[in-house]
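Student: Mind looking over this structure? Questions follow.
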Amino acid sequence: MEKMTQRVKEIAMCLGAKSVGIATTETLSEGPPSADIRYVLPGARSAISYLLPLNQDHIEPYLKKKDRRSYELDNIRTSTLVSGISMEIADYLIQKGFPSAPQAANIVYRTDTPNGPLDEKPPVSHRYLAVRSGIGHFGLSGNIITKEDGASVILGSVITEAEFTPTKPLPPEENYCDGCRLCMASCASGYMSPDETINVSMGGVNFSYSRSRHHNRCDYVCGGFTGLHKSGKWSTWSPGRFPIPEKDEEFFPAIINTAESYQKRPREEGGSFHFLIPGNRIEFTCGNCSLVCHPDKEVRKRRHKMLTESGVVVQNPDGSREAFSPEEAKRRIAAMPLEMRKFYEIIPDRGEEKHDG
Ligand code: SF4
Ligand code: SF4
40 MEKMTQRVKE
50 IAMCLGAKSV
60 GIATTETLSE
70 GPPSADIRYV
80 LPGARSAISY
90 LLPLNQDHIE
100 PYLKKKDRRS
110 YELDNIRTST
120 LVSGISMEIA
130 DYLIQKGFPS
140 APQAANIVYR
150 TDTPNGPLDE
160 KPPVSHRYLA
170 VRSGIGHFGL
180 SGNIITKEDG
190 ASVILGSVIT
200 EAEFTPTKPL
210 PPEENYCDGC
220 RLCMASCASG
230 YMSPDETINV
240 SMGGVNFSYS
250 RSRHHNRCDY
260 VCGGFTGLHK
270 SGKWSTWSPG
280 RFPIPEKDEE
290 FFPAIINTAE
300 SYQKRPREEG
310 GSFHFLIPGN
320 RIEFTCGNCS
330 LVCHPDKEVR
340 KRRHKMLTES
350 GVVVQNPDGS
360 REAFSPEEAK
370 RRIAAMPLEM
380 RKFYEIIPDR
390 GEEKHDG
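Heads up: the sequence shown begins at 40 in the numbering used here, then just goes up one per residue.
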């Protein structure tokens with residue numbers, strides 16, 4: 040099996056992976072539910088975990104709100120490639136006599152949880168497989184970070200009954216995460232808890248990262264329903280200006296209340312499809328927590344500055360978006376015809392607006 044272990048890693052690398060590792064039922068033992076690879080394949084013994092980097096050239100124009108589409112396209116194509124590589128590896132193993140299950144890169148959820156896919160629980164967590172097999176570290180953000188590409192990577196996994204030789208986790212001292220918290224400062228939804236961490240143990244190895252608050256936070260902001268930071272000074276690529284709630288339980292009602300406005304906004308070409316999104320079509324508007332997280336702290340600081348100094352996005356009638364100063368964005372939205380303006384914000388009554396200046 041050592042020869043097969045090497046062969047399967049070679050296949051992943053030949054197909055475009057930048058790094059590849061192996062986790063097994065032993066190295067994942069006692070882990071969280073989504074580290075249980077037998078959920079997707081009852082006879083599973085191993086998981087092949089690998090990653091592909093995103094193109095760094097598209098990240099800063101995206102954060103500066105100069106070019107959204109190039110990053111979106113790169114992310115979509117890289118994710119599709121990752122899912123395809125998983126399928127090719129799984130097919131190879133199946134032909135060799137090892138039952139195997141390729142995992143899609145993202146947007147696949149368990150259907151047997153209390154609320155089904157609405158709970159957004161993945162069949163297996165690519166992240167747990169990645170840290171345990173040593174292809175990346177956990178950053179404080181909970182994202183997988185890598186010494187060359189930071190958190191700008193797409194993870195892939197194949198689950199198999201083949202008994203491969205596991206690879207070791209990376210040494211914790213090589214983790215570049217210094218707790219700078221720029222990931223949190225770049226998140227308009229407050230998804231990452233600033234003061235609570237969670238500890239996870241898999242196969243006797245411990246990992247920790249910030250506790251994630253309710254996933255509806257990220258759904259609301261990264262999903263594009265709204266995007267204006269509570270400071271009012273910067274936004275994601277979402278043109279929505281609906282308020283961002285404080286409490287976890289307020290986010291789902293906020294999504295429901297803004298769903299119709301979201302769906303009626305004009306669309307640019309492109310985007311991808313997500314069955315939980317109103318209209319099923321999603322345009323990339325955030326991802327900021329991972330995109331700012333570069334291994335070089337100076338680059339991280341620069342990217343955070345780009346994000347927070349590039350203004351507030353306003354949508355044009357043809358669906359295109361432009362960033363303006365907070366004041367100019369406010370003026371432009373206020374000047375929109377009422378039937379368009381309500382796609383982006385709660386319309387204040389006339390008295391309030393006058394008072395507001
Ligand atoms: S942005 Fe800073 S705190 Fe967050 S994961 Fe990256 S290095 Fe760690
Ligand atoms: S993708 Fe955006 S909204 Fe979601 S956690 Fe990251 S920064 Fe926050």
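Where a beta carbon is used, it is the ideal one built from N, C-alpha and C, also for glycine.
1. In chain order, what are the residue ranges of uninterrupted beta strand (DSSP E) at least 3 long that sit wholly in the region 131 to 192?
2. If you compare alpha carbons, which of S274, T44, L209 and K344 is closest to Y167?
3. I want to know whether the region 197 to 207 touches the region 121 to 131 - three or more CB-CB distances under 8 Å.
4. Within 10 angstroms of the Cβ of M241, are there 16 or more other Cβ atoms? Answer buried if so, exposed if not.
5. Does any heavy atom of ligand 1 sit closer than 7 Å to the C-beta of S88?
6. When the Cα atoms are used, what is the spatial distance from P71 to T152?
7. Tell me, please, whether the region 372 to 392 touches the region 311 to 320 by the rule of three or more beta-carbon pairs shorter than 8 Å.
8. Within 10 angstroms of the Cβ of G178, are there 16 or more other Cβ atoms? Answer buried if so, exposed if not.
9. Is the Cβ-Cβ distance between G399 and G173 less than 8 Å?
10. Using the Cα positions of C53 and T206, report the straight-line distance between them to the nearest angstrom.
11. Taking V331 as the reference, give the member of K303, P376 and P100 with the closest Cα.
12. Run the CB neighbour count on E378, radius 10 Å, all protein chains shown included, and call it buried at 16 or more, exposed below.
13. Quick one: what does DSSP say M231 is sitting in, helix, strand or coil?
14. Under the criterion of a Cβ to heavy atom distance below 7 Å, does S225 qualify as lining ligand 2?
15. Considering only residues of the same chain and omitting the five flanking positions on each side of S58, which have a CB-CB separation below 7 Å?
16. I'd like to know if G229 contacts chain B, where contact means its C-beta is closer than 8 Å to some C-beta of that chain.
17. Is it buried or exposed for I295, if we count other Cβ within 10 angstroms and need 16 for buried?
18. At a threshold of 7 Å, does I183 count as lining ligand 1 (C-beta to nearest heavy atom)?
19. Taking the Cβ atom as the reference point for each residue, do R107 and F382 lie within a distance shorter than 8 Å?
20. What's the C-alpha gap between V244 and E235?
21. Flag this pair as touching only if the region 69 to 84 and the region 220 to 233 have three or more C-beta atom pairs under 8 Å; answer yes or no.
22. How close, in whole Å, do the beta carbons of N327 and T265 come, if the pair is a contact with beta carbons under 8 Å?
23. From E213 to N238, what does the alpha carbon distance come to, in whole angstroms?
24. Looking at C-alpha atoms only, which residue of H165, H333, G181 and A373 is the closest neighbour of Y248?
25. Could you name the residues of the same chain whose beta carbon sits closer than 8 Å to that of I50, not counting the 5 residues immediately before and after it, in chain order?
26. Which of the three DSSP states is assigned to F312 in this structure?
27. Which residues in the same chain as K48 place their Cβ atom closer than 7 Å to its Cβ, once the five residues preceding and following it in sequence are excluded?
28. Regarding G218 and ligand 1, is the C-beta to nearest heavy atom distance less than 7 Å?
29. Can you give the Cα-Cα distance for D113 and K42, rounded to whole angstroms?
30. Start and end of the beta strand (DSSP E) containing P100?
Tutor: In short:
1. 139 to 142
2. L209
3. yes
4. buried
5. no
6. 15 Å
7. no
8. buried
9. Here the chain comprises residues numbered 40 to 396, so residue 399 is not present and cannot be evaluated.
10. 19 Å
11. P100
12. exposed
13. strand
14. yes
15. Y89, L90 and I174
16. Absence of chain B from the displayed structure is noted, only one protein chain being present.
17. exposed
18. no
19. no
20. 20 Å
21. no
22. About 14 Å; that fails the 8 Å criterion.
23. 19 Å
24. G181
25. E127, I128 and Y131
26. strand
27. V59
28. yes
29. 34 Å
30. Not the beta strand (DSSP E): P100 falls in the alpha helix (DSSP H), residues I98 to L102.
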